[in-house]
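Colleague:
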Amino acid sequence: MATNAELAALTDKYLMPNYGRLPIAMVRGQGARIWDADGKEYVDFFPGFGAGGVTGHCHPVIVSALTEQGKT
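The numbering used here puts the first residue of the sequence shown at 170, with every later residue one more than the last.
#1: Classify Leu191: buried if its beta carbon has 16 or more other beta carbons within 10 angstroms, exposed otherwise.
#2: What does a CB cutoff of less than 6 Å around Ala201 pick up in its chain, not counting 5 residues either side in sequence?
#3: How long is the line joining the alpha carbons of Glu175 and Ala194, rounded to whole angstroms?
#4: Name the one or two DSSP bridge partners that Ile231 has.
#5: Please say whether Asp205 and Thr172 have beta carbons closer to each other than 7 Å?
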């Protein structure tokens, strides 16, 4: 898996700089916790918009619904 620095370099190279970016790359989430590419754990106090703001990251009901929808 790539490190934060490697992912930041790819972001700078290929993505438009239309939003400010943190020098970390979040690669996994569960509930209110998220992990960066270097394995550091954070508590996500700013879940953004949509379902993530209510249910957290990777809520099993939402994951199941998306998995089933993807099969059709």
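Think of the CB as a built atom: it goes at the ideal place given N, C-alpha and C, for glycine as much as any other residue. Bear in mind that the values here come from a model prediction, so they are computed numbers and not experimental data.
Modeller: Reading it off the structure:
#1: Leu191 is exposed by the Cβ-count criterion.
#2: Only Val212, Asp213 and Gly225 meet the Cβ criterion.
#3: So the alpha carbons of these two residues sit roughly 9 Å apart.
#4: The partner list for Ile231 (beta bridge, DSSP) is empty, contrary to what the question assumes.
#5: With respect to the 7 Å criterion, Thr172 and Asp205 are not classified as neighbours on the basis of their beta carbons.
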